[in-house]
Amino acid sequence: MKNLRRKTLAAASAMTLAVGLALTGGLAPAAAAGPETSYLVLAPQGANTNQAAARVASANGTVVATYDQIGVLVVRSTNPNFATQVAGAGVESVASTAGLGTALDDSETVEASAADVASATGDPTKEPRYGEQWDMNMIHVPQAHAITTGSPNVVVGVLDSGISSTHPDLATQIAKDKSTSCLGGVVDTTEAAWNPTSSDHGTHVAGTIAAAVNGVGVTGIAPGVKVAAVKVVNNDGFIYPEAAVCGFVWAADHGMQLTNNSYFIDPWELNCRNDARQRPVWQAVQRAIRYSQSKGVLNIASAGNSNYDLAHKNTDYDSPNNLPAPQEPTPREDLNSACLDLPAEAPGVVTVAAVGPTGQKSYYSSYGLGVVDVTAPGGDTRFRTQGARSTLADGILSTTFNTATRTNGWGYKQGTSMSGPHVTGVAALALSAHPGMTPSALSSFLERTAVAQPCPAGVYDPVPNWPVPVPPATLPHNIGPSYCSGGTARNAFYGAGMVDAFNVVK
Ligand SMILES: [Ca+2]
Ligand SMILES: [Ca+2]
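Here our numbering is used: the sequence shown runs in plain steps of one and ends on residue 1025.
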């Protein structure tokens, strides 16, 4: 599973760190207390959390957040035996989340020069940097804006690393009263708490969805809607399950109709199917996702940047390179359906792959028949023209925030993290033009209006010998051949096709 090694390593380091802390804590001979650890405590589905809270107190835990809506408590405790002692009536399950943070797939930002300021015309194509926004032309954003730029009644939760509230292209676009940090599973609505600290990933995502048409910088897909920062990525770049739980519940309870999730928390890589300790954690996240859907939220998630077949990850083969297309690998029988990449693979979530400026699958985009629902521009800075080296301008230009110098700007990133917000922006336009659609109706509408795109024939390997013939071991983990299964109407690379901003509003 070489394609997944990087993330697995990141998660393993977090675990090592937790173990290291535990050992340090254990050195105090007289004290029974260990290091403070976060737990998710689940009450039985449908029950309130009163009984569970009482048990938490008796086991020397502190409830730091109560999610009665889904029967989940976020707890901290220094009691090394907390998980055992909290068990009992009113507690369905409990698990520590230590080591279960997943690293954000943060691609490098390449800063663009400062934007010129033009006069605000209301025409997105007159924004100073529009000439570099090939992605907006590809999904027909200017044509859509002739009909609507979106309604301020539509609020999109950006579950990410925060949004810069001082950015000239975003300051007017943020629903500040609905923005929060969810780090540690605990809501903190102060403006500083939901601004970016160590990553501008969320600022870039927010710009793609809703950067203003204001004569400065770039245009977003739906500049008439509002984005809310829901910070779930901690300062080390990890998304912990308790933050994701908090984020989904927050979005649901604050009238958001959409969330963008350009990350995934990935239990499968940690062998969750064999790990009883992890299962309650993922159950808590799944409860939160289901709850948000019940409150009318459509959640949109990126497929990942591992060039990996998500429909066959439960299979035994050393490498996709060994897979003779079109032969399909044999599924393993021990797949535990409770252990999926979340939220990308949770039922009802719109899962998004990525394409570059050619409209073909980005070299890094993960895929999977029945997993990928739609595709959208995410950039492809390597394989734009089937072998010619391309440029950084083949990434996605959006709003940035330099966390070292604390300055706002514009720059390029690429990834399914960037394609996801294109779908979210289109969904926001769709809801603006056709208010009141349920999440499932909106999801179907996005697929129905997408422009279907056939599979490339045979094995897809845009540049087999990029940039010169090199041993496979030295290639980046997400470069290599892949195989697209399925027909034109729906396939592994593009799902139902490329979302289209004009088709959803016309
Ligand atoms: Ca602008
Ligand atoms: Ca899906």
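All C-beta atoms in this analysis are idealised placements derived from N, C-alpha and C, irrespective of residue type, glycine included.
Less than 8 Å between the CB atoms is what I'm expecting for residue i and residue j, so what's the real figure, rounded?
i: K932; j: H723; result: 5 Å
i: M1031; j: L948; result: The structure shown does not extend to residue 1031, since the chain is modelled only from 520 through 1025, so no value can be given for it.
i: T668; j: G743; result: 4 Å
i: T716; j: N754; result: 5 Å
i: V804; j: L861; result: 5 Å
i: T597; j: A552; result: 4 Å
i: Y649; j: V594; result: Between V594 and Y649 the Cβ distance is about 49 Å, and since that is not below 8 Å, they are no contact.
i: P643; j: V660; result: 6 Å
i: V705; j: C765; result: 7 Å
i: D899; j: S881; result: 4 Å
i: A807; j: I589; result: 6 Å
i: S811; j: A771; result: 4 Å
i: A573; j: V582; result: Actually they do not touch by this definition, with Cβ atoms about 10 Å apart.
i: A730; j: A1020; result: About 14 Å separates the two Cβ atoms, so there is no contact after all.
i: T917; j: G676; result: Correcting the residue type first, residue 917 is Ser in the shown sequence and not Thr. Not really, about 18 Å apart at Cβ, beyond 8 Å.
Can you tell me where the beta strand (DSSP E) with residue i in it begins and where it stops?
i: V751; result: Taken as a continuous stretch (DSSP letters only), V751 belongs to no beta strand (DSSP E), as it is neither H nor E.
i: F1012; result: No beta strand (DSSP E) contains F1012, which DSSP labels as neither H nor E.
i: S821; result: L817 to S821
i: T640; result: From DSSP, T640 is part of no beta strand (DSSP E); its letter is neither H nor E.
i: L859; result: From DSSP, L859 is part of no beta strand (DSSP E); its letter is neither H nor E.
i: N779; result: L777 to N780
Mind checking residue i: buried by the 16 CB within 10 Å criterion, or exposed?
i: Q564; result: exposed
i: G1014; result: buried
i: R1035; result: Lying before the first or after the last residue shown, residue 1035 is absent from the chain, which here runs from 520 to 1025.
i: E710; result: exposed
i: K1025; result: exposed
i: D696; result: exposed
i: P866; result: exposed
i: P839; result: At P839 the pLDDT is 40, less than 50, meaning the model places this residue with poor confidence and gives no usable figure here.
i: H941; result: buried
i: E646; result: buried
i: A665; result: exposed
i: T691; result: exposed
i: Q831; result: The sequence as given places His at residue 831; Gln does not occur at that position. Label assigned to H831: buried.
i: Y836; result: Any reading at Y836 needs caution, since the residue's pLDDT is 36, under 50, leaving its predicted position unreliable; the model's value is listed next. Per the 10 Å Cβ criterion, exposed.
i: T924; result: exposed
i: G930; result: buried
i: P954; result: exposed
i: A631; result: buried
i: N1104; result: Outside the displayed range of the chain (520 to 1025) lies residue 1104, so it cannot be described from this structure.
i: N927; result: buried
i: T935; result: buried
i: A608; result: exposed
i: S1006; result: For clarity, residue 1006 is Gly in the given sequence; the question names Ser instead. Exposed, by the Cβ-count rule.
i: S700; result: buried
i: P799; result: buried
i: P958; result: buried
i: N733; result: buried
i: E1057; result: Since the first and last residues shown for the chain are 520 and 1025, residue 1057 lies out of range.
i: A946; result: buried
i: P1033; result: A question about residue 1033 goes unanswered here, because the residues of the chain that appear run from 520 up to 1025.
So the alpha helix (DSSP H) residue i belongs to, where does it begin and stop?
i: N656; result: W653 to M657
i: P896; result: Looking at the DSSP string, P896 is not in any alpha helix (DSSP H); the run it does join, the beta strand (DSSP E), is V893 to P896.
i: A873; result: It is not in any alpha helix (DSSP H) - A873 instead sits in the beta strand (DSSP E) that spans V869 to V874.
i: C1003; result: C1003 -> no alpha helix (DSSP H), and no H or E assigned at all.
i: G756; result: That residue, G756, is in no alpha helix (DSSP H); it is neither H nor E in DSSP.
i: E803; result: According to the sequence as given, residue 803 is Ala; it is not Glu. Counting along the chain, the alpha helix (DSSP H) containing A803 begins and ends at R798 to S813.
Does the Cβ of residue i lie closer than 8 Å to at least one heavy atom of ligand 3?
i: D654; result: Only ligand 1 and ligand 2 can be found as ligands here, which leaves ligand 3 out of the picture.
Next item on the list: With a floor of 3 residues, list each beta strand (DSSP E) that falls wholly inside the segment 548-617, ordered by position along the chain.
Entry: With a minimum length of 3 residues, the continuous beta strand (DSSP E) runs that stay inside the segment 548-617 are 556-561, 580-586, 591-596 and 612-615.
Notebook entry, point to check: Does the segment 743-759 touch the segment 664-684, meaning 3 or more C-beta pairs lie closer than 8 Å?
Noted result: Counting C-beta pairs closer than 8 Å gives three or more between the segment 664-684 and the segment 743-759, which meets the contact rule.
Margin query: Please give me, in chain order, every unbroken run of the alpha helix (DSSP H) with length at least 4 that falls completely inside the segment 661-723.
Written below: 710-713
Notebook entry, point to check: Counting only runs that start and end within the segment 909-977, where is the alpha helix (DSSP H) found for 4 or more residues in a row?
Noted result: Runs found: 935-952 and 958-968.
Notebook entry, point to check: Does the segment 562-581 come close enough to the segment 599-613 that 3 or more CB-CB pairs lie under 8 Å?
Noted result: The segment 599-613 and the segment 562-581 touch, with no fewer than 3 CB-CB distances between them shorter than 8 Å.
Next item on the list: Give a yes or no on contact between the segment 755-771 and the segment 614-622, applying the rule of three or more CB pairs nearer than 8 Å.
Entry: The segment 755-771, when compared against the segment 614-622, does touch it at the 8 Å Cβ threshold.
Checklist line | Validate contact between the segment 641-659 and the segment 913-930 using beta carbons, cut 8 Å, 3 pairs | finding: yes
Check: Do the segment 883-900 and the segment 866-874 make contact, defined as three or more Cβ pairs closer than 8 Å?
Finding: yes
Check: Given 8 Å as the limit, is there contact between the segment 997-1008 and the segment 816-834, that is, 3 or more CB pairs closer than that?
Finding: yes
Next item on the list: Evaluate contact between the segment 1005-1014 and the segment 961-975, counting only Cβ atoms and requiring at least three cross-stretch pairs below 8 Å.
Entry: yes
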